[in-house]
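So the structure is just underneath, and the comments pick up after that.
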Amino acid sequence: MEWKTVKLDIMETGVAILTLNRPETMNSVNDQLCSDVQAACKEAADNELIRVLIITGAGKGWSSGGDITKLASMKDPISAKETYDGSGALVTAIYELKKPVIAALNGVVAGASVAACMACDLIIASDQARMGFTFMQIAFCPDSGASHFLFQKVGYHKALELLWYGKIINAEEAEKLGLINKVVPHEECLPEAIRWAERLALQPLMAVGLDKKLMREAAKNDYYQQAELEALYQVLAWSSEDFREGCTAFAEKRKPVFKNR
Numbered sequence: 713m714e715w716k717t718v719k720l721d722i723m724e725t726g727v728a729i730l731t732l733n734r735p736e737t738m739n740s741v742n743d744q745l746c747s748d749v750q751a752a753c754k755e756a757a758d759n760e761l762i763r764v765l766i767i768t769g770a771g772k773g774w775s776s777g778g779d780i781t782k783l784a785s786m787k788d789p790i791s792a793k794e795t796y797d798g799s800g801a802l803v804t805a806i807y808e809l810k811k812p813v814i815a816a817l818n819g820v821v822a823g824a825s826v827a828a829c830m831a832c833d834l835i836i837a838s839d840q841a842r843m844g845f846t847f848m849q850i851a852f853c854p855d856s857g858a859s860h861f862l863f864q865k866v867g868y869h870k871a872l873e874l875l876w877y878g879k880i881i882n883a884e885e886a887e888k889l890g891l892i893n894k895v896v897p898h899e900e901c902l903p904e905a906i907r908w909a910e911r912l913a914l915q916p917l918m919a920v921g922l923d924k925k926l927m928r929e930a931a932k933n934d935y936y937q938q939a940e941l942e943a944l945y946q947v948l949a950w951s952s953e954d955f956r957e958g959c960t961a962f963a964e965k966r967k968p969v970f971k972n973r
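For the sequence shown, my numbering assigns the number 713 to the initial residue and increments by one for each residue that follows.
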């Protein structure tokens, strides 16, 4: 598939790499990018050859957030709402993808794109990466779900510190705060993300998807609600062919071959 502002490359291992491709603007978000990312995510969802999606950026950054030209052109609440809906739909497309999504954070990510990055399930970051919570610099509040993800990850007090002071933090600090999974040398960012994705592609994706749902519900459920949900999902898992293959492979002391059924 070809789009104007993104590239989607599918590997034989079942891993697909979605590259945000506006390097001349640090992959800033405009209407076309919003549309293209949504289309690419739909392709990733529908294409049976794709088991895991990696999202990275072309050039020096992952994405600098909203295109300042687009933001400056907003003249009234109607145009502002249209702009917000576009970036919100981009983040939602990533968040709602049932397959695993890994961000290969190759450089700066800021503004609304921080929400898109945090909407991914795992984040591998270059040691040159930066996360910029820079909404306050242009008198914005966090949008596209950024406040939700940030609160879930770092809590109330730290979230407000990052937002109110417009902090730009390096990869090491982001890792300490639990915003990313792993920091690697810059040249290893995408290769490491691919290694993580290829390992995940070999797992039973039904169980992987159920884990994804459970972790999201755990943020709001109490113990009893979560235990009930676990029971429901476990029964679904036990009814799968992959569960039976896993048990058989364990008994036969061999690696399982999962078929996502």
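Here a beta-carbon is modelled for each residue, glycine too, at the ideal position from N, C-alpha and C.
The structure presented is a predicted model; accordingly, all values stated were derived computationally and were not measured.
Of the other Cβ atoms in all chains shown, fewer than 16 fall within 10 Å of the Cβ of MET927; this residue is therefore exposed. The beta carbon of GLY777 is closer than 6 angstroms to those of ALA822, GLY823, ALA824, SER825 in its chain, skipping five residues each way along the sequence. Scanning GLN840, VAL741, ASP743, LEU802 for the CA closest to the CA of ALA752 turns up LEU802. For secondary structure counted as the beta strand (DSSP E) over 3 or more consecutive residues, the stretch 715-749 holds these complete runs in sequence order: 718-722, 727-732. Selection SER747, MET830, PHE955 evaluated against TRP715 yields SER747 as nearest (Cα-Cα).
In this structure ILE881 is in contact with MET843, their Cβ atoms being roughly 5 angstroms apart against a cut-off of 8 angstroms. For the pair ASN739 and TRP774, the CB atoms are nearer than the 8 angstroms cut-off. Put simply, the backbone Cα of ASN933 is about 30 angstroms away from that of LEU914. Remark: fewer than three beta-carbon pairs, one from each stretch, lie closer than 8 angstroms, so the stretch 855-871 and the stretch 895-912 are not flagged as touching. Boundaries cannot be given for ALA841, as no alpha helix (DSSP H) includes it and DSSP labels it neither H nor E. In the same chain as GLU957, and ignoring 5 residues on each side of it, the C-beta atoms closer than 7 angstroms to its own belong to PRO968, VAL969, PHE970, in chain order.
Annotation for PRO916: ASP954, PHE970 place their beta carbon closer than 6 angstroms to its own, counting only its chain and skipping 5 residues before and after.
For the pair ASP758 and LEU809, the Cα-to-Cα distance works out to about 10 angstroms.
Rounded to whole angstroms, the gap between the alpha carbons of CYS853 and PHE847 is 6 angstroms.
Scanning its chain for C-beta atoms nearer than 6 angstroms, with the 5 sequence neighbours on each side dropped, one finds around ALA930 the residues GLN938, in chain order. Taken atom to atom, the span from the alpha-carbon of GLU755 to that of ALA963 is near 38 angstroms. ALA770 sits in coil when the DSSP states are folded into three classes, being neither helix nor strand. Distance from the CA atom of LYS811 to the CA atom of ILE892, rounded to whole angstroms, is 19 angstroms. When the beta-carbon positions are compared, LEU889 and ASN818 stay at least 8 angstroms from each other.
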